[in-house]
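In this note's numbering, the protein residues as written are 343 to 733.
Below: one structure, written as structure tokens.
Spelled out as structure tokens, the structure:
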């Protein structure tokens, strides 16, 4: 009822959620009042309840109102999800990062975890910084999408907003680690917002209890309808030197599964990166579908990284994203390009993945980086610098 005015302007609806009434109705019969009292639940005195109903019906507001005193054990933060339901959710929405449902609490929301092993997962084995496997930011985003969709069958992911990469999730000594995603839901008009955080724990020397670290956070936006397609311009042709895949990955640390760029070139003040295609599997089992297209997001990240190297000689790692926009369908296919918009020094950039006709598959808005401490060797930097020096 509270949703009625949003869908039908001019209509008015109000939803009243009340507790058990004192002296009226089912809650006043037999042993029910005693059971409710023992559970810490206050009954609603009839005169007060009647006055409240009259006020809400005549106020003209369209809302949902809860009328209650103490709700006692109803507000206790137990697990609201039966094991059978949890198993059904996972069966209906399998994914490489949705391993098991830990709990679904009234206050702390949904908690999902997965054990990840660099020896089994290409996205870890081929994403190493200084030899240590690091969870790719795009797979952290995928973890948000997989976890938050579990109770939302039939809904569509529109965007992921306010993404922050707070600390790298490292797999020390190539040992497996458990990734934990916590999700809290809230209404957003006709959409649903899922505030997500990705965390991990480690038992450090001298500590009796594991130390938890929050590594990533972001907000997934879900809607009933699939996002409308968006048409852009076809990717521009090269206007200067084309940097080769070999030159790119002499600087970038990515292994075969994450060498998503075949080549890159400048176009006006922006930059274009061509998708490599025919890549090894991103994850195992490879038959599990992802919610997002992780390596198309990675294509945007790496193309933006080349633009930053060419413009500033700076190797940036993902730090923050204002908004990721997803369009259906968004799958790896031949002929895709990432187009990076121009930006000033230390300003965020936008990047879009488009096909040969300009159809937009993925949009990354407000992408910011943090500089990697190790400088790039001058000889390795030279091909990137040449991209701008010829303009």
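Don't be surprised by glycine CBs; every beta carbon is placed ideally from N, CA and C.
Fair warning: this is a prediction, and the values are worked out from it, not measured in the lab.
Handout entry: Cα-Cα separation between residue 563 and residue 389, rounded to whole angstroms
Key = 42 Å
Practice task
Assign residue 615 to one of three DSSP states: helix, strand, or coil.
Solution key: strand
Practice task
Please list the segments of the beta strand (DSSP E) lying wholly inside the segment 669-710, counting only runs of 3 or more residues, in order along the chain.
Solution key: 679-682, 691-696
Exercise for the section: Name the one or two DSSP bridge partners that residue 642 has. Expected result: Answer is none; residue 642 lacks a bridge partner.
Practice task
Report the partner residues of residue 527 according to the DSSP bridge assignment.
Solution key: 536
Handout entry: When 481, 487, 460 are compared against residue 474, the one with the closest alpha-carbon
Key = 460
Practice task
Using the Cα positions of residue 440 and residue 679, report the straight-line distance between them to the nearest angstrom.
Solution key: 29 Å
Exercise for the section: Apply the 10 Å Cβ neighbour rule to residue 449 and answer buried if 16 or more other Cβ atoms are within range, or exposed otherwise. Expected result: exposed
Practice task
Indicate whether residue 633 and residue 488 have their beta-carbon atoms separated by less than 7 Å.
Solution key: yes
Handout entry: Per DSSP, cross-strand counterpart(s) of residue 560
Key = 538
Exercise for the section: Please state if the CB of residue 567 and the CB of residue 520 are separated by a distance shorter than 7 Å. Expected result: no
Practice task
State the DSSP-derived secondary structure class of residue 631, mapped to helix, strand or coil.
Solution key: coil
Exercise for the section: State the start and end residues of the unbroken alpha helix (DSSP H) segment that holds residue 482. Expected result: 479-491
Handout entry: Burial state of residue 692, where buried means 16 or more other Cβ atoms lie within 10 Å
Key = buried
Practice task
Determine the closest residue to residue 360 out of 353, 558, 385, with distance taken between C-alpha atoms.
Solution key: 385
Handout entry: Alpha-carbon to alpha-carbon, residue 544 and residue 574
Key = 45 Å
Practice task
Using 10 angstroms around the beta-carbon of residue 716, count the other beta-carbons present and answer buried if the total reaches 16, otherwise exposed.
Solution key: exposed
Problem - Supposed close pair residue 612, residue 684 - CB separation, criterion 8 Å - result: 5 Å
Handout entry: residue 560 beta carbon less than 7 Å from that of residue 476
Key = no
Problem - Host alpha helix (DSSP H) of residue 499 (start-end) - result: Note, residue 499: premise wrong, no alpha helix (DSSP H); beta strand (DSSP E) at 498-507.
Problem - C-beta atoms of residue 443 and residue 424 nearer than 7 Å - result: no
Handout entry: Residues near residue 528 by beta carbon distance below 6 Å, same chain, minus five either side
Key = 535
Exercise for the section: Assign residue 458 to one of three DSSP states: helix, strand, or coil. Expected result: strand
Exercise for the section: Within 10 angstroms of the Cβ of residue 554, are there 16 or more other Cβ atoms? Answer buried if so, exposed if not. Expected result: exposed
Practice task
Put residue 592 into one of helix, strand or coil per three-state DSSP.
Solution key: helix
Practice task
Return yes when the C-beta of residue 684 is under 6 Å from any heavy atom of the ligand GDP, and no when it is not.
Solution key: Questions concerning the ligand GDP fall outside what the structure shown contains, since it holds no ligand whatsoever.
Practice task
Starting from residue 366, follow its DSSP beta bridges and name the residues at the other end.
Solution key: DSSP, once it has assigned bridges, lists no residue as partnering residue 366.
Exercise for the section: Within the same chain, show all residues whose beta-carbon is closer than 7 Å to that of residue 711, passing over the 5 residues directly before and after it, in chain order. Expected result: 650, 658, 659, 660, 661
Handout entry: From 400, 399, 518, 364, residue whose alpha carbon lies closest to that of residue 411
Key = 364
Practice task
Inspect the beta-carbon positions of residue 523 and residue 454 and report whether they are closer than 7 Å.
Solution key: yes
Exercise for the section: Given a cut-off of 7 Å, decide if residue 451 and residue 526 are closer than it, judged by their beta-carbon atoms. Expected result: yes
Exercise for the section: State yes or no: is the C-beta of residue 677 within less than 7 Å of the C-beta of residue 664? Expected result: no
Handout entry: Proximity below 7 Å, CB of residue 565 to CB of residue 541
Key = no
Exercise for the section: Check residue 359 in the structure and name its three-state DSSP category. Expected result: strand
Practice task
Give the DSSP-derived three-state secondary structure of residue 720 in the structure shown.
Solution key: helix
Practice task
Would you mind sorting residue 469 into buried or exposed? The rule is 16 or more other CB atoms within 10 Å of its CB.
Solution key: buried
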